[in-house]
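Residue numbers (this note's numbering): -7 to 978. Virtual Cβ for every residue (Gly too), placed ideally from N, Cα, C. Beneath this line is the structure, given in structure tokens, with notes to follow.
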């Protein structure tokens, strides 16, 4: 039960869940969870390694962080190095896995586990020895004064001496480690002192702080020396106690007096250490006050920087970041100061615990001497009981001392880790300080170069501003010209619209007139064709009639000649009869011929009428077809003209849209020029502000270097802020260079924008030229249309004349028909009339031939007019095609202008993207500033928590001092009682 209570009180916690003890054969002999003993289990390899020879500690790591960590370690009993059993400690693996990235937490957890195992070993040994002591005590009370009781007492004392030997060995090892680490700390402190003195030589206005730091280091060194001396005295006292003889009472008294003197000396040194600790605390408070003052100055610097540039300038952001890094470095220095104070507190605690251990060992020695002297007087039984009680009390105090030793070991490990971290930080701070010195020198040179470059850049910017003003004036004049031209173009466009509408109306009228002319021409052609056919048919009939009349005339002549010859040859009577008969026969034949001619004429007339009717029907059909074709052609031409008019309107609309786009581009270019002028003005103002900021940064850099030296003297890690400041200033320099490069890029962008503006102006000029050419082409088209209209009017007049001539010809034909009918009547009347008819017919034939020739000339004229009209329509089509090609070229140029405008918009988009990128960088810098402010706040919270821990530790130390004072008083009273008892026994 004692072992179970000890394990539950000292070993088990929220992370350590189970403790088991296994024999070498794998049999369970103890379990903190109440498992059944005597069973076999555990890890064979871990048990074998822990129980073979001196034993070896092993562990079994789980597959995930949610498992448990099994640790097998050897269990040794007494002074032997051989392992008797294996102890299994089961720990939760999640906290170890979480603390894997923090080496100090890992070391602390391992140290706590080792301390728990050591306590377990002590508990087991204590239980075994207590069992032996209980047997001795029982034996002592059963047989007082016997040899068996003395033998048990010797064994008990021997076992206790063995435990003391083990404890002394462990204490020696711990003391040697502590001495080595204290020496290392002493060397580090000396190095820190020398570096602080070097830093003090570089800065003269921080002498008070450096003296305070040196005094604190000196006192810490004295505390460490006293701790080392106390440990050495403690070890010498332990050696003296170990080598002291029991029987030599005088020598023991002498040594007791020596121990008392040493105890008084250690107490005085403890008092001095407490006074030094108070002085160190006062120095720490002074340092804290100065740190707060520096923090206030940093806040003032930050506020002044914030008021200097509200626009998010990069140099100001860099300086602000540098100030935040200085704050962080100051917080780290404050944390290092608190850690040094905690180390000093731990050293004083170690001195107090050493004093308590010396007192306990002294009392133990006196009690042992008292027991030996009481044996001489014969009061063995009573003294044995008292000795057992004292041994029990000493065992308790031994357990307490072990606990304190474990605590001191943990605190020593913590102090060692902290000292190592402090040393690493100090070395890093030293290296950063050296780098900061080099960077500050280079930064001063760069600042001077930047000032020179800024002056030259300012002159160049002024020259560029003058050039830009001249260019802006030129651009304004050009813009005014463009606006005037645009107004003229709009007026011309309006006039073009009016002309186009008039042209459309005229085209419609012309189309109607052309349709009418085509219809009239078709009708005239049809009527001419009909008249031509009728004339040809009449000519055929007249030729046939003429040939028949000639035949009849020849027959009559022949018959007359025959009759004359017969009349000459025959008698006149017969001649007369025959003449009468021939005349009657001729008359009959003539009448028959005339009748036949009339029949043929009637048939010809009927045939002509039928043919005329058929021809009329065919002509009407052809006229309908031609009319349909003409209507289709007119519709097609109308549609084509409408499409061309629509295309011309679309071109006009495109030209208008192009003009509006050019106006918009001009406006955008004007706005861009205004923005660029404003950007240049802002750049000049920012350049002036940057100069002021650079000058102020120089002064602040000097002040920051002085403060950096001050911080280097005050704290070992204060030099890190100088490197951060110099790196920030280097980054600021680089960003200034990048700003200058961006300014150069902006100048190049301005030049490119001006080139684009000139290109746009050239495009506008080309557009104006194209619009002028289009206007000229429209004028040419107008003149061509007017010529076409005049030609059409002339052709209409010619057609009207042709129609009048056709009507005259038709009237003449009618008159000819009447004459033919009259001639037919005259043929039936007499032969003289026939002769007249022949002469008249000959004249009519000549007239008809002339009319036919005239009709042929009219037809040729009509054909020539048609060909001329077709050629002119082709020329008009070619002109329209040329106009369309020119309009297409103008559209292509407008497309190129739009592409250039799109390129300009792309450039603007790229600039917007650049501005967005700069805005994102500014937001990132702002976020970094917020994070650093949050880190500073967390550092302040850590400082407050460390202060609270310091106050709590001071309260605990005060409570421990009161407890130790009360214990010392009780022990002194008991010592006085023992001395009186010892004197009585003597």
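For residue 67, the beta-bridge partners assigned by DSSP are 77.
The criterion of a C-beta distance shorter than 9 Å is satisfied by residue 84 and residue 6. If you check the CB distance, residue 36 and residue 52 do not come in under 9 Å.
Within the model, the alpha-carbon separation for residue 497 versus residue 775 is close to 15 Å. The alpha-carbon of residue 901 is positioned some 26 Å away from that of residue 459. Rounded to whole angstroms, residue 907 and residue 913 show a C-alpha spacing of 10 Å. Contact annotation, residue 32 with residue 80: C-beta distance approximately 13 Å; criterion of less than 8 Å not satisfied. The beta carbon of residue 67 sits closer than 7 Å to those of 13, 75, 76, 77, 78, 79, 113, 116, all from its chain and outside the five residues before and after it, given in chain order. In the three-state scheme derived from DSSP, where H, G and I count as helix and E and B as strand, residue 6 is classed as coil. Bounds of the alpha helix (DSSP H) holding residue 41 are 36 to 43.
Assignment of residue 11 by DSSP, reduced to helix, strand and coil, places it in the strand class.
In summary, residue 556 is exposed, with fewer than 16 beta-carbon neighbours lying within 10 Å of its beta-carbon over all protein chains present. Cβ-Cβ distances below 8 Å link residue 546 to nothing in the same chain once the five nearest sequence neighbours on each side are left out. Take the alpha-carbon of residue 810 and the one of residue 873: they are about 57 Å apart. Annotated three-state conformation of residue 910 is helix, per DSSP. The straight-line gap separating the alpha-carbon atoms of residue 662 and residue 880 is approximately 30 Å. Within 10 angstroms of the beta-carbon of residue 833 lie 16 or more other beta-carbons, which makes it buried.
Per DSSP, reduced to three states, the secondary structure at residue 860 is helical. For residue 54, no alpha helix (DSSP H) run applies, since DSSP gives it neither H nor E. In summary, residue 909 is exposed, with fewer than 16 beta-carbon neighbours lying within 10 Å of its beta-carbon over all protein chains present. Listed in chain order, the non-local C-beta contacts of residue 18 below 8 Å within the same chain comprise 32, 33, 34, 36, 39, local neighbours out to five positions each way being set aside. For residue 86, the enclosing alpha helix (DSSP H) stretches over residues 85 to 90.
Annotated three-state conformation of residue 972 is helix, per DSSP.
If the five residues before and after residue 16 are omitted, its C-beta is found closer than 6 Å to the C-beta atoms of 43, all from its own chain and listed in chain order.
Around the beta carbon of residue 659, fewer than 16 other beta carbons sit within 10 angstroms, so the residue counts as exposed.
A Cβ-Cβ distance of about 11 Å is found for the pair residue 646 and residue 890, leaving them out of contact under the 8 Å criterion. One alpha carbon belongs to residue 903, the other to residue 911, and they sit about 12 Å apart. DSSP lists 32 as the bridge partner or partners of residue 19. Residue pairing for residue 61: DSSP places it in a beta bridge opposite 83. When rounded, the separation of the alpha-carbon atoms in residue 863 and residue 856 is 10 Å. Looking at 837, 88, 69, the one whose alpha-carbon comes closest to that of residue 57 is 88.
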